[in-house]
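>
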Amino acid sequence: MRIATWNVNSINARLEGVLAWFESEAPDVAVLQEIKCVDEKFPTEAFERLGYNVAVHGQKTYNGVALLSKHPIEDVRKGLPFLSDDEADEQARYVEAVIAAPTPFRVVGIYLPNGNPIGTEKFAYKLSWMRRLHAHAQGLLAFEEPLVIAGDYNVIPEAEDVANPQAWLGDALFQPESRAAFRALKNLGFADAYMQADGAPGGYTFWDYQAGAWQRNLGIRIDHLLLSPQAADRLTGLVIHRDERDKEKPSDHVPVVGHFRD
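Under the numbering used here, the first residue of the sequence shown carries the number 490, and numbering increases by one thereafter.
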């Protein structure tokens, strides 16, 4: 079982390259972020021709997530639950489903808020969203099943996960509060797939379009797969597909693929 995450930075703008990668790599399951379209505009038929079942939680122009699976998709949830009845959230950032494979996996795709600039309602929303994710993830762990929460977390966990830490000190992705919330999520009982499979500094998944970041390898690691104990026991490896960043008209993120035994 290969489970991929990829922030594609507009699925329709980059469809040709995304489909080429899917044709070449054929992951069993993939979660996509920042699709930037409503459900009806997602190129569902193109992925169905490649053998995928599709669940989309889209939003016009911004955000949006999708889950694709070569196995049947069951128990689909679109949107992260609220902590109280008076909350509302119009941003499409969460999709979840059970993958009916020989060994069923519950797979969650997230596009966690960026949060910039700090000191604004955007940063408060990021931390609030992380609290909601923490509460829901704690409930999911009670199922004691293989669970993968994959996506663009917009969090740089440690200084080893950024080429130039000083350049990110004022950024929401590297704030103590963001990093603490990520650690708290892990401390529920999740394993960071990259740290379990490799853990070497420099496992970057994002390079900005500006200032020659790709050419200078000024990357950050913000695309993560967090694993329940049952999923962590099945992890056999993880691959960061860096070459996609060097393709024509690339996303600023690259695919990250976890490999699991059945």
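All C-beta atoms in this analysis are idealised placements derived from N, C-alpha and C, irrespective of residue type, glycine included.
Everything numeric in this text was worked out from a predicted model, so none of it was measured.
My output table needs one value for Lys-567: the three-state DSSP class, helix, strand or coil.
Translated into the one-based positions of the sequence shown, residue 567 becomes position 78. Strand at Lys-567.
> Which residue comes first and which comes last in the beta strand (DSSP E) that contains Trp-495?
Position 6 of the sequence shown holds residue 495. Here the beta strand (DSSP E) through Trp-495 covers 491-496.
> Let me make sure I understand the geometry here. Which of Gly-708, Pro-744 and Phe-749 has the alpha-carbon closest to that of Gln-699?
Counting from one through the sequence shown, the residue named residue 699 turns up at place 210. When each option's Cα is compared against that of Gln-699, the closest is Gly-708.
> How many angstroms separate the CA atom of Gly-678 from the CA atom of Gly-659?
Locating residue 678 in the sequence shown gives position 189, counting from the first residue. Locating residue 659 in the sequence shown gives position 170, counting from the first residue. Answer to the nearest angstrom: the Cα atoms are 29 Å apart.
> So, are the CB atoms of Ala-639 and Ile-492 less than 9 Å apart?
One-based indexing of the sequence shown puts residue 639 at position 150. One-based indexing of the sequence shown puts residue 492 at position 3. A contact, by the Cβ cut-off of 9 Å.
> Would you report the Cα separation of Pro-744 and His-730, rounded to the nearest angstrom?
As a position in the sequence shown, residue 744 is number 255, starting the count at 1. As a position in the sequence shown, residue 730 is number 241, starting the count at 1. If I take the Cα positions, the gap works out to 5 Å.
> Give the single residue among Asn-498, Pro-690, Leu-630 and Lys-525 whose Cα lies nearest to the Cα of Leu-674.
For this step, residue 674 is matched to residue 185 along the sequence shown. Here the closest residue by C-alpha is Leu-630.
> Terminal residues of the continuous alpha helix (DSSP H) containing His-623?
Numbered from 1 along the sequence shown, position 134 holds the residue referred to as residue 623. Element bounds for His-623: 610-630.
> In whole angstroms, what separates the C-alpha of Phe-531 from that of Gly-506?
Locating residue 531 in the sequence shown gives position 42, where the first residue counts as 1. Locating residue 506 in the sequence shown gives position 17, where the first residue counts as 1. Computed Cα separation, rounded: 15 Å.
> According to the neighbour-count rule (16 or more other Cβ atoms, all chains shown, within 10 Å of its Cβ), is Thr-494 buried or exposed?
Along the sequence shown, read from residue 1 onward, the residue named residue 494 stands at position 5. Buried, by the Cβ-count rule.
> Measuring alpha carbon to alpha carbon, tell me which residue in Leu-716, Ala-670 and Ala-661 is nearest Gln-685.
In the sequence shown, counting from the first residue as 1, residue 685 sits at position 196. When each option's Cα is compared against that of Gln-685, the closest is Leu-716.
> Quick check: the stretch 560-569 against the stretch 608-615, are there 3 or more CB pairs under 8 Å?
Touching, no, given that fewer than three Cβ pairs across the two stretches are closer than 8 Å.
> Looking at Asn-498: is its Cβ nearer than 9 Å to the Cβ of Asp-741?
On the sequence shown, residue 498 is found 9 positions in, with the first residue counted as 1. On the sequence shown, residue 741 is found 252 positions in, with the first residue counted as 1. Yes, they are a contact pair.
> Start and end of the beta strand (DSSP E) containing Val-745?
Position 256 of the sequence shown, counting from 1, holds the residue named residue 745. Taken as a continuous stretch (DSSP letters only), the beta strand (DSSP E) holding Val-745 covers 745-749.
> I'd like to know if Asn-501 contacts chain D, where contact means its C-beta is closer than 9 Å to some C-beta of that chain.
No chain D is present in this structure, which holds just one protein chain.
> Which residue from Ile-645, Tyr-614 and Ile-599 puts its Cα closest to that of His-625?
Here residue 625 corresponds to residue number 136 of the sequence shown, with the count starting at 1. Ranking Ile-645, Tyr-614 and Ile-599 by Cα distance to His-625 puts Ile-599 first.
> Please report the straight-line C-alpha distance between Phe-695 and Val-545, rounded to a whole angstrom.
As a working note, residue 695 is residue 206 in the sequence shown. As a working note, residue 545 is residue 56 in the sequence shown. Phe-695 and Val-545: Cα-Cα distance of roughly 23 Å.
> Where do the ends of the beta strand (DSSP E) carrying Ala-689 lie?
Walking along the sequence shown from the start, residue 689 turns up at place 200. Unbroken run through Ala-689: none, as it is neither H nor E.
> Would you kindly work out how many angstroms separate the C-alpha atoms of Gly-547 and Arg-710, rounded to a whole number?
The residue labelled residue 547 in the question sits at position 58 within the sequence shown. The residue labelled residue 710 in the question sits at position 221 within the sequence shown. Each residue's Cα considered, the two are about 25 Å apart.
> Starting from the Cα of Ala-515, find the closest Cα among Phe-536, Lys-525, Ala-589 and Cys-526 and give me that residue.
Reading the sequence shown from its first residue, position 26 is the one you call residue 515. It is Phe-536.
> State yes or no: is the C-beta of Glu-529 nearer than 8 Å to some heavy atom of the ligand SAH?
The ligand SAH is not among the ligands present in this structure, which contains no ligands whatsoever.
> Quick check: what's the CA-CA separation for Lys-738 versus Arg-503?
Translated into the one-based positions of the sequence shown, residue 738 becomes position 249. Translated into the one-based positions of the sequence shown, residue 503 becomes position 14. Going from the Cα of Lys-738 to the Cα of Arg-503 covers about 7 Å.
> Pull up the distance between the alpha-carbon of Thr-550 and that of Ala-581, whole angstroms please.
In the sequence shown, residue 550 corresponds to position 61, counting from 1. In the sequence shown, residue 581 corresponds to position 92, counting from 1. Between Thr-550 and Ala-581, the C-alpha separation is close to 11 Å.
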